[in-house]
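Below is one structure; the comments refer to it alone.
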DNA sequence: TGCTTTGGTATACTTGAGGTAACTGAGTTA
DNA sequence: TAACTCAGTTACCTCAAGTATACCAAAGCA
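Protein chains in written order, with our numbering: chain A, 65 to 183; chain B, 65 to 183.
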């Protein structure tokens, strides 16, 4: 559990594998919404993520599914119903998202401050 | 400090701004090395990051500098010496990198396990 | 005299993630 | 009989990110 020392030995940087798994313009945003709601339909995700297209949403969800981060459930109805949910494994990403969220807020605040001082 | 509740109000997801700042194939890897060493020269970074080219390393460093994450110091010598170091502000990214590192390790372990079961 | 080192810049090329738009199919509704 | 719904698929296009290569200046070395 002693991270600060063991951290640097497993070369070169496993964080990169995290970023590879989560690489994709919308993946963190998708996770963000799935963390809030136990499950969401495809169309609900579309509505909550303005700007994303069907093609891309499908692709990112499939990739997240393949990594075991998101679970896809198809209900054989008409019209079709498909629900997406975070897996327990995907839940383990939450602390990272929380930290990034906090850092992002602070960063935006800082930038606003700098812009304010220039005027 | 109560994150879990306040977290979801500042729409839509500030974590995205974090990822924008750190977008770039090599930035986290650059930070990784700068966290280990108080300062590194340009050529030392090149050597530690196999595969990166001069042009790209320059660009990523400039962007990190512009965001106040990395500090650039030029020594007017010949041959030129330029050193890069993490700023105190950049240090605040370390907890994120550490979490990502831990998650990445676990993810790789998981993948190896899955591959093993298939054989 | 020419070769090497450092920390770049300039120019041209490549690639793939993401965007656009149209289409599908089964059943319910108007 | 047409229109609408949902959850996609297919074919095509764009453009920023990254790559490859050549070039630079000044000093030191051989």
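Note that CB positions come from ideal geometry on N, CA and C, so glycine has one too.
Fair warning: this is a prediction, and the values are worked out from it, not measured in the lab.
{"Asked": "Counting C-beta neighbours from all protein chains within 10 Å, is the total for residue 79 of chain A 16 or more, i.e. buried, or is it exposed?", "Found": "buried"}
{"Asked": "Residue 160 of chain A versus chain B: which residues are under 8 Å apart at the beta carbon?", "Found": "160, 163, 164, 167"}
{"Asked": "According to a CB-to-CB cut-off of less than 8 Å, which residues of the segment 77-110 of chain B neighbour chain A?", "Found": "77, 78, 79, 80, 81, 82, 83, 85, 92, 93, 96, 100"}
{"Asked": "Which two residues bound the contiguous alpha helix (DSSP H) that contains residue 137 of chain A?", "Found": "Looking at the DSSP string, residue 137 of chain A is not in any alpha helix (DSSP H); the run it does join, the beta strand (DSSP E), is 134-139."}
{"Asked": "For residue 147 of chain A, report the span of its beta strand (DSSP E) as first-last.", "Found": "145-150"}
{"Asked": "Would residue 180 of chain A count as contacting chain B if we go by Cβ distances under 8 Å?", "Found": "no"}
{"Asked": "Can you find a C-beta in chain A that's less than 8 Å from the C-beta of residue 121 of chain B?", "Found": "no"}
{"Asked": "Considering just the uninterrupted stretch of the alpha helix (DSSP H) at residue 168 of chain B, what are its terminal residues?", "Found": "158-182"}
{"Asked": "Determine, using beta carbons only, whether residue 87 of chain B and residue 147 of chain B come nearer to each other than 8 Å.", "Found": "no"}
{"Asked": "Report the three-state DSSP secondary structure of residue 73 of chain A (helix, strand or coil).", "Found": "Note on residue 73 of chain A: pLDDT 46, under 50, position unreliable in the model; no value is reported."}
{"Asked": "Leaving aside the five residues before and after residue 153 of chain A along the sequence, list all residues of the same chain whose C-beta is less than 7 Å from its C-beta, in chain order.", "Found": "132, 133"}
{"Asked": "For residue 157 of chain A, go through chain B and note every residue whose CB falls closer than 8 Å to its CB, in chain order.", "Found": "167"}
{"Asked": "Any contact between the segment 119-131 of chain A and the segment 158-172 of chain A? By contact I mean 3 or more CB pairs, one from each, below 8 Å.", "Found": "no"}
{"Asked": "Along the chain, where does the alpha helix (DSSP H) containing residue 89 of chain B start, and where does it finish?", "Found": "Premise fails: residue 89 of chain B is in no alpha helix (DSSP H) and is neither H nor E."}
{"Asked": "At the 8 Å Cβ level, is residue 172 of chain B part of the contact set with chain A, yes or no?", "Found": "yes"}
{"Asked": "Would you call residue 96 of chain A buried or exposed, if buried means 16 or more other Cβ atoms sit within 10 Å of its Cβ?", "Found": "buried"}
{"Asked": "Could you name the residues of the same chain whose beta carbon sits closer than 7 Å to that of residue 124 of chain A, not counting the 5 residues immediately before and after it, in chain order?", "Found": "88, 90, 91, 94"}
{"Asked": "Between which two residues does the alpha helix (DSSP H) holding residue 107 of chain B run?", "Found": "106-112"}
{"Asked": "Mind checking residue 85 of chain B: buried by the 16 CB within 10 Å criterion, or exposed?", "Found": "buried"}
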